[in-house]
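Numbering (our numbering), first residue to last: 726 to 990. In this text, a Cβ means the ideal position worked out from N, Cα and C, and glycines have one as well. Read through the structure below, which is laid out as structure tokens, and then see the notes.
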Ligand SMILES: Nc1ncnc2c1ncn2[C@@H]1O[C@H](COP(=O)(O)OP(=O)(O)O)[C@@H](O)[C@H]1O
Ligand SMILES: [Mg+2]
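Next comes the structure, spelled out in structure tokens:
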């Protein structure tokens, strides 16, 4: 299911104070590919994937998924979202957190537990089914959230800086696990990040955005082989892609700092 955004704009605020979060963004996110959206803070990354997920309105343009215009479509029929802040239910067991979406759909307990148990094993949490989120480490909670999203079996996974709050070592492990899960799946992934290395390690393409108002500055194709692993970070090809992205991002960060100086002074 290709995701096509065409001339997509989002302006927040009223006529006295407007924030242009997205300014006529057009892109085709290819079906079953892993697209990373990279850009400085405040450039409209979250706004974009929330619009694609149908949980934010937009002021101009269109979003088409699998050829179908998304205006007026029921929420969440194609996609599931995973955030940095997990919104796990602390009072529910791990398995009941993971099975929550199926429970809401009225799926019986044995079927949803069977699926949840299988998914928990696939994210390395066998044996933790009866624990509660406060008993787990940050990385383990992130795995629960990943399993909770995967259980919905939606063709599109939207991820907004899901590993942003993890320590560096845990982040590396989670990135490799996500790459492995993606490579075995047929999901289309949109993954928001402001980390250049993460975008290149995970993505088939890196969509680099400009500082506000958010536009697409350049799309970098990432032809690194799969399966991906952290070892690739030291290859010349990775270095070349990293330098390209860094150059683009540096320009945007400097321009956003200038904007702020102008506003202040
Ligand atoms: N609900 C909102 N009301 C007003 N402004 C908003 C709202 N949501 C986001 N913005 C503004 O839109 C811009 C883009 O925000 P966001 O998409 O969250 O950026 P990013 O995820 O790239 O950091 C920011 O300037 C932000 O302050
Ligand atoms: Mg954001």
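Asked: Contact between the stretch 767-780 and the stretch 929-943: three or more CB pairs below 8 Å?; Found: yes
Asked: So for residue 746, helix, strand or coil by DSSP?; Found: strand
Asked: State yes or no: is the C-beta of residue 745 nearer than 6 Å to some heavy atom of ligand 1?; Found: no
Asked: Classify residue 867 as buried or exposed, calling it buried when 16 or more other Cβ atoms lie within 10 Å of its own Cβ.; Found: buried
Asked: For residue 782, collect the residues of the same chain with a Cβ closer than 7 Å to its Cβ; drop the 5 residues on either side in sequence, then sort them by chain order.; Found: none
Asked: Taking the alpha-carbon positions, what's the residue 733 to residue 785 distance?; Found: 6 Å
Asked: Give every residue of the same chain whose Cβ lies closer than 6 Å to the Cβ of residue 762, excluding the five residues on either side of it in the sequence, and list them in chain order.; Found: 770, 917, 932
Asked: Output the boundary residues of the beta strand (DSSP E) element that contains residue 942.; Found: 941-946
Asked: What's the call for residue 960, buried or exposed, on a 16-neighbour Cβ count within 10 Å?; Found: exposed
Asked: Measure how close the beta-carbons of residue 967 and residue 929 come, nearest whole angstrom, since I'm counting them as under 8 Å.; Found: At roughly 16 Å, the Cβ-Cβ gap does not stay under 8 Å, so residue 967 and residue 929 are not in contact.
Asked: Based on Cα-Cα distance, which residue from 965, 748, 807 lies nearest to residue 926?; Found: 965
Asked: Would you identify the three-state DSSP class for residue 876, choosing helix, strand or coil?; Found: coil
Asked: Given 6 Å as the limit, tell me if residue 981 has its C-beta closer than that to any heavy atom belonging to ligand 2.; Found: no
Asked: Assuming residue 851 and residue 845 make a contact with CB atoms under 8 Å, what is their CB distance in whole Å?; Found: 6 Å
Asked: Can you tell which of 736, 795, 726 has its C-alpha closest to the C-alpha of residue 756?; Found: 726
Asked: How close, in whole Å, do the beta carbons of residue 809 and residue 859 come, if the pair is a contact with beta carbons under 8 Å?; Found: Between residue 859 and residue 809 the Cβ distance is about 18 Å, and since that is not below 8 Å, they are no contact.
Asked: So does residue 770 have its beta carbon nearer than 6 Å to some heavy atom of ligand 2?; Found: yes
Asked: The alpha helix (DSSP H) spanning residue 985 covers which residue range?; Found: 961-989
Asked: So if DSSP puts residue 793 in a beta bridge, which residue, or which two residues, is it bridged to?; Found: 790
Asked: Less than 6 Å between C-beta atoms, sequence neighbours within five positions excluded: which residues of the same chain meet that for residue 905?; Found: none
Asked: Alpha carbon to alpha carbon, how far is residue 735 from residue 892?; Found: 33 Å
Asked: Verify the contact flag: residue 779, CB atom, against every heavy atom of ligand 1, threshold strictly below 6 Å.; Found: no
Asked: Counting pairs of Cβ atoms below 8 Å between the stretch 968-982 and the stretch 946-960, do you hit three or more?; Found: no
Asked: Please name the residue in 750, 749, 869, 944 whose C-alpha comes closest to that of residue 814.; Found: 869
Asked: Report buried or exposed for residue 765, applying the criterion of at least 16 other Cβ atoms within 10 angstroms of its Cβ.; Found: buried
Asked: Rounded to a whole number of angstroms, what is the C-alpha to C-alpha distance between residue 752 and residue 985?; Found: 28 Å
Asked: At what residues does the alpha helix (DSSP H) containing residue 819 begin and finish?; Found: 819-823
Asked: For the beta strand (DSSP E) containing residue 1071, list its first residue and its last residue.; Found: Since the displayed the chain opens at 726 and closes at 990, residue 1071 lies outside it and no answer follows.
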